[in-house]
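Visitor: Questions regarding the structure given below will be posed in turn.
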Amino acid sequence: MSGIKKYDAIVIGGGHNGLTAAAYLGRAGKKVLVLERRYVLGGAAVTEEIFPGFKFSVCSYVVSLMKPNIMRELMLPRFGLELLPLESTFTPLENDYLIRTADADQTFREIARHSLRDAEAYLRFGPLMGQIGMAVRPILETIAPNAIRPSLSDLFAGKKLLDHLKTLTSEQFEYLTKLMTMSSADFLDEWFEFEPLKATMCASGIIGTFMGPRSPGSAYVMLHHYMGDIDGAFRAWGFQRGGTGAVSLAIARSAEHFGADIMTEAPVEKVIVKNGQAVGVALENGDEYTSDMVISGLDPKLSFLKLVDESDLPSDFVKDIKNFRIRGSSGKVNLALDGLPDFTCLPGDGHHLRGAISISPSYDHLEKAYDDAKYGNFSKAPYMDIILPSVLDPEMAPPGKHVMSCFVQYAPYNIKGGWDDQKRDAFGDAVVNTLARFAPNINDIILHRQVLSPADLESIIGLTEGNIFHGELTLQQLFSFRPAVKWADYKTPIKNYYQCGSGTHPGGGITGSPGEMAAKKILGQWT
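Numbering follows UniProt numbering, with no gaps: position 238 of the sequence shown is 238.
Following this line, the structure appears as structure tokens:
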């Protein structure tokens with residue numbers, strides 16, 4: 001890059017939200033600098049060749065919630081964005097299986113094998129959840145108003161949202177209320193009877209949270225994951241060709257197209273604050289860059305308790321950030337394979353391997369996994385969300401080989417005695433042993449494995465406590481309370497210091513929404 005030291009805006013963190021903010025600011029004609037701590041861009045949405053020839057989406061592993069307007073406005077397909085829809089969700093059981101696909105008739109027949117009542121209920125459930133998801137989407141796409149001291153624009157935005165909610169039918173409003181307050185298990189019990197179906201759907205409510213299937217509030221997390229959208233196909237999930245890091249690279253190319261400078265291996269030591277105003281940043285190597293605006297894509301704990309002095313922040317705000325719940329509960333195991341797993345219940349390499357594989361045979365399986373975590377241990381028989389990216393994208397592995405991504409719940413950050421090499425290995429063993437119950441050949445085909453505890457996600461990726469959402473998606477940490485009351489609109493108590501990470505509204509996932517909305521907020525206030 002050039003020797004420029006003065007910018008209109010500096011973005012801290014080259015994760016996908018920070019890059020999105022940079023691209024939008026550049027698109028508006030601002031001169032932007034992105035500073036990334038690691039050698040590679042993407043934050044949690046990163047692809048790395050951990051073992052020779054084997055490429056992994058090391059942390060985040062699927063794409064769904066990115067808004068079509070972001071793809072269009074930032075020209076992401078032109079810069080390499082190519083999403084491959086996951087074809088199914090496959091739940092292996094001891095002597096049977098459950099598989100759901102985008103084909104409604106096929107899914108009806110499959111569920112009816114286990115329960116005709118559930119198959120008929122599923123026909124009603126899907127459209128209703130889709131309607132509720134579409135009803136909630138305008139809320140997710142609105143900059144959260146100040147709930148304590150609303151401005152005129154906040155009041156106007158609030159009125160628009162209230163008017164929107166009035167358009168819901170009584171049934172939609174009833175179920176939206178239930179989804180915001182109930183546990184995912186209790187909500188699904190009102191609809192279905194076949195345990196593996198309920199458990200598999202329920203699992204979406206515990207991903208990335210320190211909650212169990214019967215914890216109140218987990219139904220909202222389920223709804224959050226239910227709102228997938230790929231090229232207008234609502235409730236769809238997909239895999240990015242080249243891994244999730246290719247999403248980040250597409251956004252980075254867009255940002256550079258619009259004039260942004262991007263530096264890797266450039267860890268920021270602190271935000272420079274003078275007279276209550278952010279005026280630039282200092283790197284760990286001593287270099288300083290000045291700017292009119294500073295935007296942090298890091299989580300709230302890092303943005304406010306590490307990068308700035310507490311003395312520059314109001315005490316009530318510091319208290320809110322310290323109380324912001326960001327407990328890590330997930331781990332990741334990435335496997336390099338000599339072949340494909342062979343599931344006892346459905347042998348062979350059929351279409352069931354071209355989608356998500358959910359190790360969620362029952363509520364009890366999920367609840368026992370949570371019980372281990374509650375008492376400071378990793379789950380001995382964890383829930384796993386598995387995909388085989390190389391089945392969809394052969395370039396992820398050498399010919400005839402495969403990569404397997406295992407998202408694992410639960411692995412508490414605050415484990416008894418702390419995480420060390422021995423615990424990490426034991427955690428990896430628990431994952432493989434659980435998988436071997438359903439695919440006994442797995443031990444014979446593992447060539448290499450990477451095991452990431454929440455402590456690893458913190459030290460390598462930069463996620464405080466390894467929390468994949470930059471903060472839990474619980475009712476008290478959503479919308480106007482994310483990450484703190486009065487400061488959910490991307491502004492901070494420090495003038496010209498903004499936030500744009502997943503710890504802001506609307507939350508986690510590879511969405512780009514926090515970055516987009518933060519940039520638009522900044523541009524709307526630029527003087």
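Where is the CB? At the ideal position from N, CA and C, for every residue including glycine.
Relative to the alpha-carbon of LYS401, which residue among PHE407, ASP393, VAL408 has its alpha-carbon at the smallest distance?
Guide: That would be ASP393, whose Cα lies nearest to the Cα of LYS401.
Visitor: Compare the beta carbon distance of PRO389 and VAL408 with 9 Å and say whether it is the shorter of the two.
Guide: No. Outside cutoff.
Visitor: Tell me the DSSP bridge mates of ASP261?
Guide: ASP261 pairs with LEU33.
Visitor: Going by CA-CA distance only, name the one from LEU86, GLN106, THR244 that's closest to ILE357.
Guide: With distances taken between Cα atoms, ILE357 lies closest to LEU86.
Visitor: Could you check whether TYR413 and ALA328 sit closer than 9 Å to each other, using their CB atoms as the reference points?
Guide: Going by the sequence as given, residue 328 is Gly instead of Ala. In this structure, TYR413 lies closer than 9 Å to GLY328 by Cβ.
Visitor: Would the region 345-359 and the region 431-449 be scored as touching if the rule is three or more Cβ pairs under 8 Å?
Guide: Enough Cβ pairs lie closer than 8 Å, so yes.
Visitor: From the DSSP output, which residues share a beta bridge with SER480?
Guide: Its beta-bridge partners do not exist; DSSP assigns none.
Visitor: Please say whether SER248 and GLY15 have beta carbons closer to each other than 9 Å?
Guide: Yes, the pair counts as a contact, with Cβ atoms nearer than the cut-off.
Visitor: Given 8 Å as the limit, tell me if GLU174 has its C-beta closer than that to any heavy atom belonging to the ligand MG.
Guide: This structure does not include the ligand MG; it has no bound ligands of any sort.
Visitor: Check whether the region 444-451 and the region 334-342 are in contact - that is, three or more C-beta pairs closer than 8 Å.
Guide: Yes, the region 444-451 is in contact with the region 334-342.
Visitor: Name, in chain order, the residues that DSSP records as bridge partners for PRO213.
Guide: Paired residues: none, contrary to the question.
Visitor: Checking the sheet assignment: what are the DSSP bridge partners for SER296?
Guide: Per DSSP, ILE12, GLN499.
Visitor: Please report the straight-line C-alpha distance between ASP231 and LEU81, rounded to a whole angstrom.
Guide: Bear in mind that the predicted position of ASP231 carries a pLDDT of just 40, short of 50, making it too unreliable to give a figure here.
Visitor: Do THR244 and CYS59 have their CB atoms nearer than 9 Å?
Guide: Closer than 9 Å, so yes.
Visitor: How far does the alpha helix (DSSP H) with ASN95 in it extend, from its first residue to its last?
Guide: No alpha helix (DSSP H) holds ASN95; DSSP gives it neither H nor E.
Visitor: Which residue comes first and which comes last in the beta strand (DSSP E) that contains GLY126?
Guide: Note, GLY126: premise wrong, no beta strand (DSSP E); alpha helix (DSSP H) at 116-140.
Visitor: Mind checking ALA233: buried by the 16 CB within 10 Å criterion, or exposed?
Guide: Its pLDDT being 41, under 50, ALA233 is placed unreliably by the model, and nothing is read from it.
Visitor: ARG449 by DSSP, collapsed to three states: which one?
Guide: Of the three classes helix, strand and coil, the one that applies to ARG449 here is strand, per DSSP.
Visitor: With which residues is residue 602 paired in a DSSP beta bridge?
Guide: In the structure as shown, the chain begins at 1 and stops at 527. Residue 602 is therefore absent and cannot be evaluated.
Visitor: Quick one: grab the DSSP three-state call for GLY232.
Guide: A caution first: GLY232 carries a pLDDT of 40, below 50, which makes its placement in the model unreliable, though a value can still be read off. In the structure shown, GLY232 sits in coil (DSSP, three-state: anything other than H, G, I, E or B).
Visitor: Can you tell which of CYS500, PRO347, LEU473, GLY26 has the C-alpha that lies nearest to the C-alpha of LEU223?
Guide: Answer by Cα proximity: LEU473.
Visitor: Alpha carbons only, please: which of ILE206, HIS225, TYR226 is nearest the one belonging to SER218?
Guide: Among ILE206, HIS225, TYR226, the Cα nearest to that of SER218 is on ILE206.
Visitor: Roughly how many angstroms lie between the CA atoms of ALA119 and LEU152, to the nearest whole one?
Guide: Approximately 48 Å, taken between the alpha carbons.
Visitor: When the Cα of VAL34 is compared with those of VAL11, ARG113, GLU48, VAL46, which residue comes out closest?
Guide: VAL34 has its Cα closest to that of VAL11, out of VAL11, ARG113, GLU48, VAL46.
Visitor: If you scan the region 141-187 from start to end, which runs of the alpha helix (DSSP H) of 4 or more residues do you find wholly inside it?
Guide: List check, alpha helix (DSSP H) in window: 152-165, 170-181.
Visitor: Could you have a look at SER218 and say whether DSSP puts it in helix, strand or coil?
Guide: Helix, per DSSP.
Visitor: Identify whether MET517 lies in helix, strand or coil by the three-state DSSP scheme.
Guide: In the structure shown, MET517 sits in a helix (DSSP, three-state: H, G or I).
Visitor: Taking the straight line between their C-alpha atoms, what separation do you get for ILE143 and LEU353?
Guide: About 39 Å.
Visitor: Under the three-state reduction of DSSP, which class applies to SER459: helix, strand or coil?
Guide: Helix at SER459.
Visitor: How many Å lie between HIS257 and LYS30 at the Cα?
Guide: Taking the straight line joining both Cα atoms gives about 12 Å.
Visitor: Buried or exposed: which applies to PHE156, given that a residue is buried once 16 or more other Cβ atoms fall within 10 Å of its Cβ?
Guide: Classification for PHE156: exposed.
Visitor: Would PHE108 pass as a contact of TYR97 if the rule is Cβ separation under 9 Å?
Guide: No.
Visitor: Put MET384 into one of helix, strand or coil per three-state DSSP.
Guide: The answer is strand: DSSP assigns MET384 an E or B state.
Visitor: What's the C-alpha gap between VAL221 and LYS5?
Guide: Answer to the nearest angstrom: the Cα atoms are 42 Å apart.
Visitor: For LEU281, write down the residues that DSSP places opposite it in a beta bridge.
Guide: Residue identity differs from the one stated: residue 281 is Val in this sequence, not Leu. For VAL281, which the question treats as bridged, DSSP gives the partners VAL271, TYR289.
Visitor: If we ignore side chains and look at the alpha-carbon of each, how far apart do MET201 and GLY280 end up?
Guide: So the alpha carbons of these two residues sit roughly 46 Å apart.
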